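Inspection log for the structure reproduced underneath, given as structure tokens.
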Amino acid sequence: MKRGPNNFDFVYAVRNTRIVRAPERLLDPFDQTLVNYTLLAQPMDDPTKTRVREGKLQTFPPRLLLPGDLSTQELEGFGPQAQDYLSFLRAHGDRFRVLRYSYRLRRETYSETLIGEPLEAVRDRAKRALERKADPYAALVVGVDEPWDVCLLHLFMRLVQASLPKTLHALTEHEKAGFRERMPQPDRDEVERAFAAAAKDPTLIKPLGRLLKEKGLFELYQDRFFALVRD
Numbered sequence: 002m003k004r005g006p007n008n009f010d011f012v013y014a015v016r017n018t019r020i021v022r023a024p025e026r027l028l029d030p031f032d033q034t035l036v037n038y039t040l041l042a043q044p045m046d047d048p049t050k051t052r053v054r055e056g057k058l059q060t061f062p063p064r065l066l067l068p069g070d071l072s073t074q075e076l077e078g079f080g081p082q083a084q085d086y087l088s089f090l091r092a093h094g095d096r097f098r099v100l101r102y103s104y105r106l107r108r109e110t111y112s113e114t115l116i117g118e119p120l121e122a123v124r125d126r127a128k129r130a131l132e133r134k135a136d137p138y139a140a141l142v143v144g145v146d147e148p149w150d151v152c153l154l155h156l157f158m159r160l161v162q163a164s165l166p167k168t169l170h171a172l173t174e175h176e177k178a179g180f181r182e183r184m185p186q187p188d189r190d191e192v193e194r195a196f197a198a199a200a201k202d203p204t205l206i207k208p209l210g211r212l213l214k215e216k217g218l219f220e221l222y223q224d225r226f227f228a229l230v231r232d
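Numbering-wise (this note's numbering), the sequence shown opens with residue 2 and increments by one.
In structure tokens:
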């Protein structure tokens, strides 16, 4: 279906969003991240000009979600098309693993400028300028003039996907460390004795595995257990 200026939606915006330069740094799993974005778009009424929007995309530390918690993700400062895009992603949670983590997103105060030059020239100049600045959190995006906030949300989702392996590992290790601290000391001592015994006698590895499963601790100790099996 052909789309015109009065028939914009998030699908159109996403399909016409191109990330020219993504931030070099990944999102911080435990602290907020500020992404300095430059978003370029051609006005629908004058393709010889380029609209330049600059601002900050602020993300907050994620948290692990329960399966029914996808609706708790917050989105501040965005319009209805961006909300529709997020609803679509929530509805397809199995395909978008990124939504198992919750980030609050807010569009910071931004500047908007209309330049009397074609998009390609402005894009190339902006790209060179960002390369000179060497800002690890800078992003350059080419998108649509309306709904332009969907382009930013798409950038955000791409950043979350790129950061997912690091984030998952960091959150998992953090959760494990907290669980170990809450473990009753007798259970911790029993597990440590079982590991020490299995390290000396390989026939005790299977009983160690049973012990960990009985106590619901296998996932917590699985890396250490499999390292013992490999040895």
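Even for Gly, the Cβ is constructed at its ideal location relative to N, Cα and C. Just so we're clear, the structure is a prediction, and the values are computed from it rather than from any experiment.
- Message: Helix, strand or coil for E25? Go by DSSP, reduced to three states.
- Response: coil
- Would you call M45 buried or exposed, if buried means 16 or more other Cβ atoms sit within 10 Å of its Cβ? exposed
- Item | Other residues of its chain near A14: CB distance less than 7 Å, five sequence neighbours each side excluded | Q82, G144, V145, P148, V151 and C152
- Query: Which one of F196, E215, T204 and P203 has the shortest CA to CA distance from D224?
  - Reply: F196
- Within the 9 Å Cβ cut-off, does V12 reach chain B? Of the protein chains in the structure, only one exists, and it is not chain B.
- Message: Measuring CB atoms only, is the stretch 49-58 touching the stretch 119-138, in the sense that at least three cross pairs come out at less than 8 Å?
- Response: yes
- Message: My output table needs one value for A14: the three-state DSSP class, helix, strand or coil.
- Response: helix
- Message: Is D32 near the ligand FMN - that is, is its Cβ less than 8 Å away from at least one heavy atom of it?
- Response: What this structure holds is no ligand at all, so the ligand FMN is not there to describe.
- Message: For Q162, report the span of its alpha helix (DSSP H) as first-last.
- Response: W149 to R183
- Item | 9 Å Cβ cutoff met for R22 and A163 | no
- Task: Measure the Cβ-Cβ separation of P30 and H155 and say whether it is below 9 Å.
- Result: no
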